[in-house]
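Residue numbers (this note's numbering): 97 to 177.
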């Protein structure tokens, strides 16, 4: 009677592409870097690109209207955190 392979044996037999994982990490890192640069220049736009018209965007817009520096601080906090 043939033996049925265990799930861990099946998962271990699947090759992983480390180059692809590294490339995905680099792309994600560069996206975050561009979002941070945009958040410094135009804080609500940086938050909008990540969250759309969610509550984070409206809070950042209000903070930017009240003061540019609080808008930048909140945008970086939201994008990095």
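Think of the CB as a built atom: it goes at the ideal place given N, C-alpha and C, for glycine as much as any other residue.
Residue i and residue j closer than 8 Å at C-beta
i: residue 131; j: residue 175; result: yes
i: residue 147; j: residue 159; result: no
i: residue 135; j: residue 165; result: no
Distance between residue j and residue i (C-alpha atoms, nearest Å)
i: residue 141; j: residue 156; result: 9 Å
i: residue 151; j: residue 177; result: 15 Å
i: residue 163; j: residue 137; result: 13 Å
i: residue 173; j: residue 129; result: 13 Å
i: residue 149; j: residue 133; result: 20 Å
Of the listed residues the options, nearest to residue i (C-alpha basis)
i: residue 144; options: 125, 172, 153, 166; result: 153
i: residue 161; options: 173, 139, 149; result: 139
C-beta neighbour in chain D for residue i, strict 8 Å
i: residue 143; result: Here chain D cannot be found, since the structure has a single protein chain.
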